[in-house]
Amino acid sequence: MSLLKKIFSVQMKASRLAYKTVSQKNTAAGRLKARYYGRKLAKEFGIYCARLAKIGTGLTLPHPIGIVIGDGVRIGKNVTIYQNVTLGLKNRDDLIYPTVHDDVVIYAGAVIVGPVTVGARSVIAANAVVTVDVPPDSVAAGVPAVILARKKIS
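Here the sequence shown stands for residues 1 to 154, numbered as in the numbering used here.
Now the structure itself:
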């Protein structure tokens with residue numbers, strides 16, 4: 001097996017484990033499976049994906065290392081998350097988690113915290129700290145993140 005195929009295999013395995021961790025939790029057996037897959041994901045890749053997170057189909061983890069997805073996080077379809085990304089609470093008193101809509105790309109080291117909504121087809125730049133809403137078709141970057149551009153839809 002070539003190195004490229006091995007890398008792709010690892011990426012797909014991490015994505016499948018993340019989805020399995022959150023998709024089958026409505027029954028006792030499903031909760032046990034979710035716990036098993038969650039532990040496997042943490043052990044093999046250093047990824048924490050809470051069982052209460054809601055993840056749409058098509059989640060892609062190109063570099064599945066050090067990703068944290070908190071309990072109430074909602075992730076839409078076809079989202080790409082790179083390494084060392086955190087999606088979670090802003091502080092202990094704030095119980096609202098981020099929502100990430102469809103077709104969003106979140107680059108390495110980004111932090112998205114609090115009651116934030118990331119609009120569809122947006123891009124979160126590497127190492128950005130997002131604490132405010134990001135409109136659809138936007139690019140957000142910086143610490144704290146600001147909207148740099150709106151993508152033109154043709």
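Each residue gets a CB set at the ideal place from its N, CA and C atoms; glycine is no exception.
Counted as a single uninterrupted DSSP element, the beta strand (DSSP E) harbouring A141 occupies residues S138 to A141. Under the three-state reduction of DSSP, A29 is assigned to helix. Separation of the CB atoms of A110 and V130 is rounded to 7 Å, and the pair is thereby assigned contact status at 8 Å.
Beta bridge pairing from DSSP links G88 with V113. In this model, K90 and I96 are separated by some 8 Å (Cα to Cα). When the Cα atoms are used, G76 and H63 turn out to be separated by approximately 19 Å. Under the three-state reduction of DSSP output, K77 falls in the coil class, being neither helix nor strand. With 16 or more other Cβ atoms inside 10 Å of its own Cβ, A141 counts as buried. A straight-line Cα-Cα distance of about 23 Å links F45 and P98. If you ignore the 5 residues before and after V134, its C-beta comes within less than 6 Å of the C-beta of V118, G119, S122 and A140, all in its own chain and listed in chain order.
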